[in-house]
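Asker:
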Amino acid sequence: MNLKALNYFVAVLERGSISAAAKHCYIAQPSISAAIAALESELGVQLFARHGKGVSATDAGMRLYPLAKRLLNESKAIQSLFSKPETQVPFRLGLIRSLGVARMSMLLKDFTAACPDMDLTLVEPSEECDGRIITTADLTPNESFQAMWHDTYLLAIPPALSLALKNSIRLEDLQGQPFIHRAPCEALTSLQQLLDMEGIKMQVRARIQTIEYAVGLVTAGLGIALVPAIPALLDQQDIVFRPLADIELKRTVGLALPLGRPPTPQQRQLAALCRQCN
Numbered sequence: 001m002n003l004k005a006l007n008y009f010v011a012v013l014e015r016g017s018i019s020a021a022a023k024h025c026y027i028a029q030p031s032i033s034a035a036i037a038a039l040e041s042e043l044g045v046q047l048f049a050r051h052g053k054g055v056s057a058t059d060a061g062m063r064l065y066p067l068a069k070r071l072l073n074e075s076k077a078i079q080s081l082f083s084k085p086e087t088q089v090p091f092r093l094g095l096i097r098s099l100g101v102a103r104m105s106m107l108l109k110d111f112t113a114a115c116p117d118m119d120l121t122l123v124e125p126s127e128e129c130d131g132r133i134i135t136t137a138d139l140t141p142n143e144s145f146q147a148m149w150h151d152t153y154l155l156a157i158p159p160a161l162s163l164a165l166k167n168s169i170r171l172e173d174l175q176g177q178p179f180i181h182r183a184p185c186e187a188l189t190s191l192q193q194l195l196d197m198e199g200i201k202m203q204v205r206a207r208i209q210t211i212e213y214a215v216g217l218v219t220a221g222l223g224i225a226l227v228p229a230i231p232a233l234l235d236q237q238d239i240v241f242r243p244l245a246d247i248e249l250k251r252t253v254g255l256a257l258p259l260g261r262p263p264t265p266q267q268r269q270l271a272a273l274c275r276q277c278n
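The UniProt record's numbering applies: residue 1 is where the sequence shown begins, and numbers increase by one.
Structural data, given as structure tokens:
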């Protein structure tokens, strides 16, 4: 069985479309389609159902997926077993805390796969680093910036709260509501300033730093939280997400690289991957 075809199959399934898989694999879409068609012919099954927004795996595709992943991983393990050790190049990447685990994990997986000789260390964005994934609010004049994600903010609400029955939330609706305070969060700072001007006070039930903990506490029914509308978060079935009617909160997340010196191969590779996110 062709390992390259299996790799294309996994890329299409994980990214939801042939075009996204082609960008990820740096190959033309017809080559991806031909490889998938050959794999379907070899196995005698249809692996994907085509629709307007891309493709989705059939039952046969979902059965093949874990087997293909295991076979590809074993192939990589065999190659690494017999490959010569290379000198590791250190790379320090600064990350803000509210990026979302799912999409950052995928990006870091692709980054490390593209730079096998790299020793990656994740650090706070305030530390010395070779690149930073930050919002425009944290950008300095000594950095270039490449936008990756444009996030709006929503209120994450436990379904048991009466607030969840409203289609849109006004500022006065937040009076006395139990709240999960997540900092640092530039959108929360803007919201708090507006609430203070209106004399509206929420009841802070917990103070945390990460989106994942905030969502976990909302799921537990502790209170509401202000979170960026990251697709993986919106898939939560036990949380109600609602917009704020009186204020539009947004942020732009991107890659900041230092100016004044030529980019390293690792910086160029990271920039190429980040361009695919936009």
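Just so it is clear, CB atoms sit at the ideal spot from N, CA and C, and this is done for glycine as well.
Keep in mind that this is a model prediction, so the values were computed, not measured.
1) Against chain C, does N7 count as a neighbour if the rule is that its beta carbon must be under 8 Å from one of theirs?
2) Using 10 angstroms around the beta-carbon of V101, count the other beta-carbons present and answer buried if the total reaches 16, otherwise exposed.
3) What number of angstroms, rounded off, separates the C-alpha of L273 from the C-alpha of V89?
4) Output the distance between the C-alpha atoms of Y26 and A11, rounded to the nearest integer angstrom.
5) Helix, strand or coil: which one does DSSP assign to G94?
6) Rounded C-beta distance between M202 and L174? I'm assuming under 8 Å.
7) Assign V45 to one of three DSSP states: helix, strand, or coil.
8) For H51 and R261, I'd like the C-alpha separation in whole angstroms.
9) Going along the chain, which residues of its own chain have a beta-carbon closer than 6 Å to the beta-carbon of I96, five neighbours each way excluded?
10) Which value, in whole angstroms, describes the spacing of the CA atoms of L155 and L3?
11) Please state if the CB of A214 and the CB of R103 are separated by a distance shorter than 8 Å.
12) Could you pull out every residue in the same chain whose Cβ sits closer than 8 Å to the Cβ of D138, ignoring the five residues on either side in sequence?
Answerer: Taking the structure as given:
1) Absent from the structure: chain C. Only one protein chain is present.
2) In the sequence shown, the residue the question calls residue 101 occupies position 101. Result: exposed.
3) For the purposes of this step, residue 273 is taken as residue 273 along the sequence shown, with counting starting at 1. For the purposes of this step, residue 89 is taken as residue 89 along the sequence shown, with counting starting at 1. Spanning the two alpha carbons is a distance of roughly 19 Å.
4) If you number the sequence shown from 1, residue 26 lands on position 26. If you number the sequence shown from 1, residue 11 lands on position 11. Taking the straight line from one Cα to the other gives about 11 Å.
5) Stepping through the sequence shown from its first residue, residue 94 is reached at position 94. Note: G94 maps to strand in three-state DSSP.
6) Taking the sequence shown and counting its residues from 1, the one referred to as residue 202 is at position 202. Taking the sequence shown and counting its residues from 1, the one referred to as residue 174 is at position 174. About 6 Å; that satisfies the 8 Å criterion.
7) As a first step, residue 45 must be located in the sequence shown, where it is residue number 45. V45: coil per DSSP, three-state reduction.
8) Counting from one through the sequence shown, the residue named residue 51 turns up at place 51. Counting from one through the sequence shown, the residue named residue 261 turns up at place 261. The straight-line gap from Cα to Cα measures roughly 46 Å.
9) Locating residue 96 in the sequence shown gives position 96, counting from the first residue. Excluding sequence neighbours, I96 sits near P125 and I134.
10) Mapped onto the sequence shown, residue 155 falls at position 155. Mapped onto the sequence shown, residue 3 falls at position 3. The alpha-carbon atoms of L155 and L3 are separated by roughly 44 Å.
11) Mapped onto the sequence shown, residue 103 falls at position 103. Mapped onto the sequence shown, residue 214 falls at position 214. The answer is no: Cβ separation not under 8 Å.
12) The residue given as residue 138 occupies position 138 in the sequence shown. Same-chain partners within the cutoff: I96, P125, R132 and A256.
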